[in-house]
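Engineer: For reference, the structure I am asking about is given below.
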Amino acid sequence: MSAIAFQGASAATTQSPTEALTSAGGGDGIGTLREEAAKAGILIGSGAIKAMTTTTDGRPPNYLSDPQFRNVLAEQFNSLSPENDLKWMFVQPKEGVFDFEGLDRLVAFAKANDMEAKGHGLISACCNPDYLVAKIDDPVAFRAAMVKHFNKVMKRYKGKMDRWDVVSEPLTTFGGQGLQQTDFYKALGPGYVAEAFRIAHSADPKASLYLNENLVEYYPEKRQELYDLVSGLVADGVPIDGVALQMHETLQAPPPGVITEMVNFFHALGLEVSIAELDVHTFDPLSQAQIYGAVVSEALNAGITDISFWGFTDKHLYTWLPGAKPLIFDEYYNPKPAYFAVRDALRNFVQKRGSSPPAARQAVLQQ
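Below, the structure written as structure tokens:
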């Protein structure tokens, strides 16, 4: 997600995570999402984890300073990724001056709690500092700045962040117009996407590299543009490992079968598919739960093994639908019907499959 303005919620904490689950009807043996994900052999994560202290992004500072936020995050998830902490203007606010405080805090939390950390937001349409924009008319200098930035960031977190969203939202919002005219496009032309992946691979050859895109589940023309873009990258030998589907759902679920179609297409190219930023913007908790359950169920059945939400508590929500509360815990950290829909989707998947978790994921999941 590229926008950094927000509509938020703030509230005092009233219950522990265990008390919240019990009061919601779970009782003993309810099972956390993390426990259920381990049985399913998948990563279940939360993105939008802000660990930096600045508020220049329009968001509250360091969510990890809240003990209950930390507890729920560690109990419920086995993966995390930053909110805006990795965006260029925040991690390198002045040319040659890097601010790693928040990201260091994030990866330290992940390590302490046996979680994987994903690098989200290497480059996107937003959040580019003036000193970078000033190089647009000099492609050589612009590319050199990318190399220095990628090397500095990715080498610092080599072995600590195992997968990266290298390019986010390269296509126009609703599709039909090809690539966005971003600063990177203006400087390097349409080949900037491939170039970004090559630079990232050089910085960390063992990392898994993803292209992150939104709204393709709703707009067939944009979906085809994504197919064409990624197919071209693969055909040209670009070191791309997967596609990260954002999956910000508003008022309705994607058409049934669309997730499966996308997964099948990208798997046929030899690529992984993840759900990277799932949230559901509705006014009705029950319809919200149904949408969460439908998305997670289809994703699991299609073979997706990496599912992340765009945050988990409405205390730090982001929405473009005024009055909506899109996340699976409310602002008091109480689980909502959406939480149980996700949990049940995981349980049903395991019951239907009736087999052990995939070996590729089992080593990184909490036992």
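Residue 59 in my numbering sits at position 60 of the sequence shown, and the numbers go up by one each step. For glycine and all other residues, C-beta sits at the position ideal for the given N, C-alpha and C.
1) Where does T52 sit, in a helix, a strand or coil, going by DSSP?
2) Give the DSSP-derived three-state secondary structure of F348 in the structure shown.
3) Let me check understanding here. Comparing Cα to Cα, which of V139, A144, T31 lies closest to D129?
4) How about the region 334-351 and the region 82-89: do they share at least three Cβ pairs that are nearer than 8 Å?
5) Helix, strand or coil: how does DSSP classify G158 here?
6) Could you give the uninterrupted runs of the beta strand (DSSP E) lying entirely in the region 190-236, keeping only those of 3 residues or more?
7) Once the 5 residues before and after S207 are set aside, which same chain residues still bring their CB inside 6 Å of it?
8) Opposite D384 in the DSSP bridges: which residues?
9) Identify, in the order they occur along the chain, each residue of the same chain with its Cβ nearer than 8 Å to the Cβ of V229, setting aside the five sequence neighbours on each side.
10) Would you mind reading off the limits of the alpha helix (DSSP H) that contains R267?
11) Determine the DSSP secondary structure at F328, reduced to helix, strand or coil.
12) Mapping the DSSP letters down to three states, classify I122 as helix, strand or coil.
13) So S78 packs on L42, CB below 8 Å; how close in whole Å?
14) Keeping to the same chain, check which residues put their C-beta closer than 6 Å to that of I198; ignore five residues upstream and five downstream.
15) With DSSP collapsed to three states, give me the class of D278.
16) For A111, is the classification buried or exposed, using 16 other Cβ atoms within 10 angstroms of its Cβ as the cut-off for buried?
17) Could you name the residues of the same chain whose beta carbon sits closer than 7 Å to that of A124, not counting the 5 residues immediately before and after it, in chain order?
18) Using a 10 Å radius around the Cβ and a threshold of 16 neighbouring Cβ atoms, would you call G353 buried or exposed?
19) At 4 residues or longer, and completely inside the region 71-149: list those alpha helix (DSSP H) runs for me, N to C.
20) Are Y332 and Q75 close, meaning C-beta to C-beta below 8 Å?
21) Between which two residues does the alpha helix (DSSP H) containing L187 stretch?
22) Can you find at least 3 beta carbon pairs, one from the region 290-300 and one from the region 244-252, that sit closer than 8 Å?
23) Tell me which same chain residues have a C-beta within less than 8 Å of the C-beta of F173, skipping the five on either side of it?
24) Between the C-alpha atoms of T21 and E248, what's the straight-line distance to the nearest angstrom?
25) In whole angstroms, what separates the C-alpha of Q100 from that of M51?
26) M261 and V279 - do their beta-carbons sit closer together than 8 Å?
27) Go through its chain and collect everything with a Cβ distance to K159's Cβ below 8 Å, but skip five positions before and after it.
28) Might you give, ordered along the chain, the residues of its own chain that have their beta carbon closer than 6 Å to the beta carbon of D203, omitting 5 neighbours on each side?
29) I need the straight-line Cα distance from A275 to T53, nearest angstrom please.
30) Please confirm whether A186 and K134 have their CB atoms less than 8 Å apart.
31) So, at 8 Å on beta carbons, what are the nonlocal neighbours of R33 in its own chain, with the 5 sequence-adjacent residues on each side left out?
32) Looking at the secondary structure, which residues open and close the beta strand (DSSP E) in which E248 lies?
33) Could you check what DSSP says for P59 in three-state terms: helix, strand or coil?
34) Tell me which same chain residues have a C-beta within less than 7 Å of the C-beta of H119, skipping the five on either side of it?
35) On a Cα-Cα basis, can you pick out the residue from V166, V132, L131, D65 that is closest to I122?
36) Note down the Cα distance separating L320 from D227, rounded to an integer number of angstroms.
Structural biologist: Looking at the coordinates:
1) coil
2) helix
3) A144
4) no
5) In the displayed model, G158 falls within coil according to three-state DSSP, outside both helix and strand.
6) Here the runs fully enclosed are 207-212.
7) R162, D240
8) Because the chain here runs from 0 to 366, residue 384 falls outside it and cannot be looked at.
9) L210, I239, V242, F265, L268, L270
10) A small fix is needed here, since residue 267 is Ala in this sequence, not Arg. It spans 257-267 - the alpha helix (DSSP H) in which A267 sits, taken as one unbroken run.
11) strand
12) Assignment of I122 by DSSP, reduced to helix, strand and coil, places it in the strand class.
13) 4 Å
14) M145, V146, F149
15) strand
16) exposed
17) S1, E168, Q179, T181
18) exposed
19) Qualifying alpha helix (DSSP H) stretches, in chain order: 87-90, 100-111, 129-132.
20) Against a cut-off of 8 Å, the Cβ pair of Q75 and Y332 comes out as no contact.
21) 182-187
22) yes
23) L214, Y218, K221
24) Reliability fails at T21, whose pLDDT of 40 lies under 50, so the model's placement of it is uncertain and no value is given.
25) Strictly speaking, residue 100 in this sequence is Glu, with Gln absent from that position. For E100 and M51, the distance between alpha carbons rounds to 6 Å.
26) Result no, Cβ atoms of V279 and M261 do not sit closer than 8 Å.
27) Once the five neighbours on either side are set aside, the close Cβ partners of K159 are V106, A109, K110, A116.
28) Same-chain partners within the cutoff: M153, K157.
29) A275 and T53 have their C-alpha atoms spaced approximately 24 Å apart.
30) yes
31) I43, E74, Q75, F76, N77, Q365
32) 247-249
33) Shown here, P59 sits in coil according to DSSP, grouped into three states, outside any helix or strand.
34) Answer for H119: G46, S80, P81, L85, D164, listed in chain order.
35) V166
36) 31 Å
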